[in-house]
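Protein chains: 2
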Amino acid sequence: MGTITKALDLLGYFSRTRPSIGLGEFVRLTGRDKATVHRHLVELEQNGFLEQDSVTRAYRLGPAILRLTSVRESTFPTRAVLRPLVTELSEDLDELVHASMLQGRILSPIFHADPKRHGTQVSFDEAEMQPLHATASGLVVLAFADDALREAVLAGPLAAHTDRTITDPEALRARLVEIRAAGLARAAGGFDTEVASQAAPLFGASGAVIGALSVAMPSGRGTDDRLESFRARLCAGAARATVSLGGTVPPDLAALWAAVSDPRDTKRA
Amino acid sequence: MGTITKALDLLGYFSRTRPSIGLGEFVRLTGRDKATVHRHLVELEQNGFLEQDSVTRAYRLGPAILRLTSVRESTFPTRAVLRPLVTELSEDLDELVHASMLQGRILSPIFHADPKRHGTQVSFDEAEMQPLHATASGLVVLAFADDALREAVLAGPLAAHTDRTITDPEALRARLVEIRAAGLARAAGGFDTEVASQAAPLFGASGAVIGALSVAMPSGRGTDDRLESFRARLCAGAARATVSLGGTVPPDLAALWAAVSDPRDTKRA
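Going down the list, the sequences are from chains A and B. Letter by letter, the first sequence follows residues 32 to 300 in our numbering. Letter by letter, the second sequence follows residues 32 to 300 in our numbering.
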């Protein structure tokens with residue numbers, strides 16, 4: 032591990048449950064020698080990446096980080112970050128791919144790309160908000176959301192967008208359990224009778240679900256076999272998008288996704 | 032300059048106007064040798080502090096910074112960051128000190144501290160929003176605000192909170208010019224007839240004014256001489272608070288503040 036990596040690695044020990052860390056605790060956490068750790072902490076502090084509490088002498092994350100985030104957010108906002116990733120995945124899957132972010136109780140589309148290589152295509156409207164109980168994106172967000180949001184949505188009203196929308200709270204609850212176990216959601220005809228889609232969740236810095244990455248196609252092309260063949264690449268894309276947004280995929284889900292094999296790898300083997 | 036500082040220093044070259052930087056441009060900007068710069072860039076990228084564009088090979092700020100900001104904001108939000116600074120300044124000045132942040136067209140109090148060492152004191156209500164044209168805090172924010180906000184407020188209505196509130200737009204405009212030249216604002220009786228106050232502006236990451244740091248006292252104690260003796264410490268406090276919030280004081284104002292001498296230093300000399 033290089034000097035720079037060793038120093039930056041110290042910043043990674045801070046979390047919501049460990050907001051400030053003293054020199055002794057850093058030595059314990061890293062197993063490194065005290066003089067080196069101290070030298071790194073001082074240099075990080077001198078550059079504003081750490082602040083030292085004047086009373087306790089413990090370190091906390093510093094203001095330089097806030098300034099850098101502000102620069103990154105103003106120059107590479109969510110949409111700019113997701114654009115290349117969504118475009119690449121749509122080229123790879125030969126279907127429309129879209130990313131959407133949770134806003135209160137609805138999903139707001141952020142970016143979509145469609146290579147349009149088929150005779151029929153989904154008409155996607157980036158201005159159309161998506162209900163959480165009726166699309167693959169919404170269902171996967173709901174499945175991985177905290178209890179408060181899930182219960183609020185389950186309490187209704189649950190509008191029937193088509194005759195295939197799940198509007199019974201208990202049926203929906205059972206469906207969400209299946210989706211959590213699968214690590215992604217499939218939905219056909221719940222929002223538009225002619226559209227099938229498959230979605231994986233995106234997570235923020237605190238590990239909370241913040242949106243979804245989804246592939247959508249006319250129902251005729253959305254066969255189980257074909258959707259199955261997309262699984263590994265969709266999960267890998269959601270993992271990459273989560274990291275690009277500064278987030279973290281919860282460890283158990285990351286393990287589940289890693290276990291999904293890409294059918295192309297099987298062919299190659 | 033140590034290795035860690037040299038690497039972190041590279042991150043500081045990114046700004047709103049320079050969102051991505053290639054290896055060659057980094058070499059030009061820093062005057063350092065290409066091999067060293069490249070090694071630092073790779074190590075920053077490996078730790079998520081930079082991302083490399085797959086097409087242009089240029090670097091931009093990475094997602095690790097977003098995660099760290101999220102941890103800092105959730106554990107040391109604005110109020111927690113300002114608390115020790117406001118408390119210390121109030122102890123030093125022997126008067127009530129408060130910090131407030133701009134929210135649309137009003138100032139929202141964030142934290143106040145009063146050592147209560149006098150027979151009379153200002154009763155401060157942290158729930159009371161402050162109009163921009165009637166308090167020292169509001170006036171200093173208005174003086175350093177962008178044209179859009181200033182013109183919107185000057186367009187009125189300008190409520191008379193006391194008979195000393197400036198409600199004439201042209202008189203107010205002239206007052207704001209004086210305040211900008213002074214680098215801080217004094218106001219007596221414009222919001223409450225019995226209160227005198229003096230405020231300096233706080234700035235955000237983009238250099239825009241985001242709030243104010245203010246000392247307030249019963250008018251009887253707010254003599255010109257006494258307020259004058261507070262100037263240097265108030266400006267120094269506002270500079271420190273700005274840095275703590277991840278912001279930057281505009282260079283010309285920083286120079287103006289640095290030129291204000293602390294009367295205690297003169298005594299010492």
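Idealized CB from N, CA, C, for every residue including glycine. Note that this is a predicted model, so its numbers are computed, not measured.
Where the alpha helix (DSSP H) through residue i begins and ends
i, result
"G261/A", "Here residue 261/A turns out to be Phe, not Gly, going by the sequence shown. F261/A -> alpha helix (DSSP H) spans 255-275."
"L116/A", "109-124"
"V102/A", "94-106"
"P140/B", "Here P140/B belongs to no alpha helix (DSSP H); instead the beta strand (DSSP E) covers 137-144."
"L60/B", "54-61"
"V226/B", "Not the alpha helix (DSSP H): V226/B falls in the beta strand (DSSP E), residues 226-234."
"L189/A", "Run containing L189/A: none; DSSP gives neither H nor E here."
Simplified DSSP assignment, three categories, for residue i
i, result
"A239/B", "coil"
"Q161/A", "strand"
"Q77/B", "helix"
"A38/A", "helix"
"H149/A", "coil"
"V280/B", "coil"
"L215/B", "coil"
"R195/A", "coil"
"P200/A", "helix"
"S51/B", "strand"
"S154/B", "coil"
"G43/A", "coil"
Any chain A beta carbon closer than 8 angstroms to residue i
i, result
"L42/B", "yes"
"P232/B", "no"
"G253/B", "no"
"L39/B", "yes"
"P319/B", "There is no way to answer for residue 319/B, as the model of chain B reaches only from 32 to 300."
"G33/B", "yes"
"A300/B", "Since pLDDT at A300/B reaches only 47, below the 50 mark, its modelled position is unreliable, and the value read off the structure follows with that caveat. No, because no Cβ of chain A sits closer than 8 angstroms to the Cβ of A300/B."
Test: residue i CB closer than 8 angstroms to a CB of chain B
i, result
"M36/A", "A quick correction: the sequence has Thr, not Met, at residue 36/A. It does; some Cβ of chain B falls within 8 angstroms."
"R103/A", "yes"
"S131/A", "no"
"L99/A", "yes"
"P331/A", "Not covered by the structure: residue 331/A. The range shown for chain A is 32 to 300."
"R47/A", "yes"
"A236/A", "yes"
"P50/A", "yes"
Endpoints, the beta strand (DSSP E) within which residue i is located
i, result
"A176/A", "Careful: A176/A lies outside any beta strand (DSSP E) and carries neither H nor E."
"V291/A", "No beta strand (DSSP E) contains V291/A, which DSSP labels as neither H nor E."
"V302/B", "Chain B is shown from 32 up to 300; residue 302/B falls before or after that span and cannot be answered."
"S131/B", "127-134"
Short CB-CB distance (under 8 angstroms) between residue i and chain C
i, result
"T106/B", "Among the chains of the structure shown, chain C does not appear; the protein chains present are A and B."
Name the residues in the stretch 57-91 of chain A whose C-beta lies less than 9 angstroms from a C-beta of chain B; which are they? So the close ones are R70, H71, E74, L75, Q77, N78, G79, F80, E82, D84, S85, V86, R91.
Interfacial residues, the stretch 261-282 of chain B to chain A, with Cβ spacing under 8 angstroms: Cβ contacts with chain A come from V274, S275, L276, G277, G278, T279.
Would the stretch 170-182 of chain A count as touching the stretch 237-248 of chain A if we require 3 or more Cβ pairs under 8 angstroms? Under the three-pair Cβ rule at 8 angstroms, the stretch 170-182 of chain A counts as touching the stretch 237-248 of chain A.
Tell me whether the stretch 105-120 of chain A and the stretch 263-279 of chain A touch, counting them as touching only if at least three CB pairs, one residue from each stretch, are closer than 8 angstroms. Touching, per the Cβ criterion.
Members of the stretch 158-173 of chain B near chain A, C-beta cut-off 8 angstroms: Within the stretch 158-173 of chain B, not one residue has a Cβ closer than 8 angstroms to any Cβ of chain A.
Could you tell me whether the stretch 261-268 of chain A touches the stretch 77-86 of chain B, where touching means 3 or more Cβ pairs closer than 8 angstroms? Flag = no, the stretch 261-268 of chain A and the stretch 77-86 of chain B do not touch.
Would you call the stretch 96-106 of chain A and the stretch 187-201 of chain A in contact, with 3 or more CB pairs under 8 angstroms? Contact between the stretch 96-106 of chain A and the stretch 187-201 of chain A is not established, with fewer than three Cβ pairs separated by less than 8 angstroms.
Sufficient close CB pairs (3 or more, under 8 angstroms) joining the stretch 180-190 of chain B to the stretch 148-164 of chain B: Touching, yes.
Taking one C-beta from the stretch 128-142 of chain A and one from the stretch 86-93 of chain A each time, how about it: are there three or more such pairs within less than 8 angstroms? The stretch 128-142 of chain A vs the stretch 86-93 of chain A: no contact.
At least 3 beta-carbon pairs within less than 8 angstroms: the stretch 110-117 of chain A vs the stretch 109-117 of chain B: No, the stretch 110-117 of chain A does not touch the stretch 109-117 of chain B.
Does the stretch 246-255 of chain A come into contact with the stretch 146-161 of chain A, if we say contact requires no fewer than three beta-carbon pairs (one atom in each stretch) closer than 8 angstroms? The answer is yes - the stretch 146-161 of chain A touches the stretch 246-255 of chain A, with three or more Cβ pairs under 8 angstroms.
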